[in-house]
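Everything on this sheet refers to the single structure shown next.
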Amino acid sequence: MTDAEGQIVWQAKYRAWGAVEKLVVNEVEQNLRFQGQYFDVETGLHYNTFRYYDPEIGRFITQDPIGLAGGFNLYQYASNPSSWVDPWGWMPFWKPLKPDGMGHHPFPRAHANTHGFPELGTKLDSPSWFPNEVDGSDKLHQEFHDAIKKEGVPFNKKFDGTPEELVSKLDKAYQKFPQKGTLKVPRTGQVIAKNVTIGEALSKSIGKSADIKSAGGCG
């Protein structure tokens with residue numbers, strides 16, 4: 001951090017998961033940490049909007065507010081803090097959709113389990129879309145979520161419609177996006193489709209879910 005004259009008034013070296021390794025310059029109080037986090041001096045934890053984060057272990061100390069809809073690990077921050085952020089303590093997003101990150105799940109994980117698509121409800125084992133062009137993909141990711149919300153599909157609340165209505169609203173939300181990318185499974189790197197729009201990726205994700213169900217497994 002610098003002052004109005006450009007002089008460094010706060011500088012620190014960090015460990016991989018956000019803990020301060022060493023204060024190099026400490027002329028002012030500065031408690032901002034990872035994006036969306038504020039350092040609590042009394043506890044040593046980071047306030048992360050909806051829950052507290054422990055930078056020493058790289059985990060939240062309370063369970064995910066959206067439960068298993070956010071994945072099987074209820075305390076996970078992110079698999080890679082260099083490429084992911086989680087400003088609300090719900091899910092990592094708004095960073096560029098890089099190939100080594102989580103991508104964008106065409107079918108919202110928060111609604112997958114409750115609407116008959118449990119295979120699409122995990123962070124790393126459900127199909128994710130990665131754009132061919134990384135530049136500007138952070139803004140594109142946000143636009144996806146804004147479009148979904150505009151169609152009446154909430155991000156962190158229950159969707160009361162039927163599965164068919166949910167799919168229809170998602171399909172409509174994605175219609176205006178011509179950008180193409182790759183649909184793959186983040187954990188394994190398995191490529192499902194290349195050069196597809198996010199709308200096409202939604203259709204293929206649902207199709208893969210049906211394939212998994214018919215095979216009697218969870219992929």
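When you line the sequence shown up against UniProt numbering, it's residues 1 to 219, in that order.
For every residue, glycine included, the Cβ atom is placed at its ideal position computed from N, Cα and C.
Coarse secondary structure for residue i, derived from DSSP in three states
{"i": "Q142", "result": "helix"}
{"i": "D3", "result": "coil"}
{"i": "A215", "result": "Unreliable placement is indicated for A215, whose pLDDT of 38 sits below 50; the coordinate value is still reported in the next sentence. Residue state, collapsed to three classes: helix."}
{"i": "H104", "result": "strand"}
{"i": "N132", "result": "coil"}
{"i": "T114", "result": "helix"}
{"i": "Y14", "result": "strand"}
{"i": "G58", "result": "coil"}
{"i": "L45", "result": "coil"}
{"i": "E165", "result": "helix"}
{"i": "E21", "result": "strand"}
{"i": "Y38", "result": "strand"}
{"i": "I66", "result": "coil"}
Alpha-carbon to alpha-carbon, residue j and residue i
{"i": "A78", "j": "G89", "result": "10 Å"}
{"i": "P178", "j": "K150", "result": "18 Å"}
{"i": "P163", "j": "W129", "result": "21 Å"}
{"i": "Q11", "j": "D40", "result": "18 Å"}
{"i": "L32", "j": "D138", "result": "21 Å"}
{"i": "G36", "j": "Q30", "result": "14 Å"}
{"i": "L140", "j": "G116", "result": "27 Å"}
{"i": "residue 265", "j": "K158", "result": "The displayed coordinates of the chain run from 1 to 219. Any statement about residue 265 would go beyond what the structure contains."}
Within-9 Å CB hit, residue i to chain D
{"i": "G36", "result": "Of the protein chains in the structure, only one exists, and it is not chain D."}
Proximal residues to residue i (C-beta, below 6 Å), its chain only, five neighbours per side dropped
{"i": "D135", "result": "none"}
{"i": "N132", "result": "K180, G181"}
{"i": "Y47", "result": "Y38, D40"}
Spatial neighbours of residue i in its chain, beta-carbon cut-off 7 Å, leaving aside the 5 residues before and after
{"i": "K194", "result": "T182"}
{"i": "L23", "result": "A12"}
Own chain, CB closer than 8 Å to residue i, minus 5 neighbours either side, in chain order
{"i": "I61", "result": "L45, R51, Y52, Y53, D54, Y75"}
{"i": "G58", "result": "A16, W17, G18, Y77, P81"}
Expected contact under 8 Å - CB spacing of residue i and residue j to nearest Å
{"i": "I192", "j": "F107", "result": "Actually they are not in contact, since the Cβ atoms of I192 and F107 sit about 13 Å apart, beyond 8 Å."}
Requested in this report: Counting only runs of 3+ residues fully inside the stretch 160-204, write out the beta strand (DSSP E) ranges in chain order.
Outcome: 180-184, 191-197
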